[in-house]
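Under the numbering used here, the residues of the sequence shown are numbered 8 to 186, in order. C-beta atoms are modelled at their ideal positions from N, C-alpha and C, and glycine is treated no differently. Here's the structure, in structure tokens; my notes come after.
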Amino acid sequence: MIHTPLSSLSMQQILNELRPGDVLTHSFHGHRCGIMDSEIKVLPEIRKKVDEGLLLDIGHGQGSFTFEVARAAMSQGVLPHTISSDLHAYNLEGPVFDLVTTINKFLHLGMELDEAIRRVTTIPAQFLKMESEIGTFQAGAIADVVVTEMQEGAFELTDAFGETETCGYQLEPRYIFRA
């Protein structure tokens, strides 16, 4: 797994080292050394590597997710394989808050609910080679369950560049069961 925002290396130099199954995290950011060119088009070399098996992860973090880049990438058929929050002490109070808020941002951008859920459960479990232990409701698996309620209304979501958009619905956690 590699982090590229603001790298002194070029994206091509980084991609030359990546193999199928590797993960490019913080992939939907608006900094230099990203997946987009200056016209907000997905770089052909990114598309080629994704076609060959490179995985894209959100890794929202404090500075690594913008609506502009995510919307553009998704409209060009490039979706994240995994959705993660990169939650840490510096973004607990925003713009990340939690993983459900990050999921809400992708629902707002048009991702179907079942696809968003796969990207925080089964796909990461497969990557970790733990698909029989996590991210599943199989008998014998670790029971990590978040029960959410879909709420309708006007909810503000803010990206890492401070851009705020209003969505018409959001998931709200109601119950959490751990192990």
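Cα-Cα separation, residue i to residue j
| i | j | result |
| --- | --- | --- |
| E163 | G101 | 12 Å |
| Q83 | L50 | 11 Å |
| K56 | E172 | 31 Å |
| G37 | T11 | 11 Å |
| T108 | F168 | 16 Å |
| I110 | H67 | 10 Å |
| L116 | R54 | 20 Å |
| N98 | Q69 | 5 Å |
| A80 | V103 | 20 Å |
| S139 | T32 | 24 Å |
| L178 | D44 | 33 Å |
| F134 | E159 | 33 Å |
Limits of the alpha helix (DSSP H) - the one that residue i falls within
| i | result |
| --- | --- |
| Q20 | 18-24 |
| V76 | 74-82 |
Candidates the options: closest to residue i by CA position
| i | options | result |
| --- | --- | --- |
| A123 | A96, I90, F104 | I90 |
| D166 | L16, F113, D29 | F113 |
| V30 | G175, V103, G60, M157 | G60 |
| P27 | A161, L62, A79 | L62 |
| F184 | V152, E159, G142, R126 | V152 |
Simplified DSSP state of residue i, which is helix, strand or coil
| i | result |
| --- | --- |
| A132 | helix |
| T108 | helix |
| P51 | helix |
| M157 | strand |
| V30 | strand |
| D166 | coil |
Supposed close pair residue i, residue j - CB separation, criterion 8 Å
| i | j | result |
| --- | --- | --- |
| G41 | V85 | Between V85 and G41 the Cβ distance is about 12 Å, and since that is not below 8 Å, they are no contact. |
| T155 | R181 | 6 Å |
Extent of the continuous beta strand (DSSP E) to which residue i belongs
| i | result |
| --- | --- |
| R181 | 171-184 |
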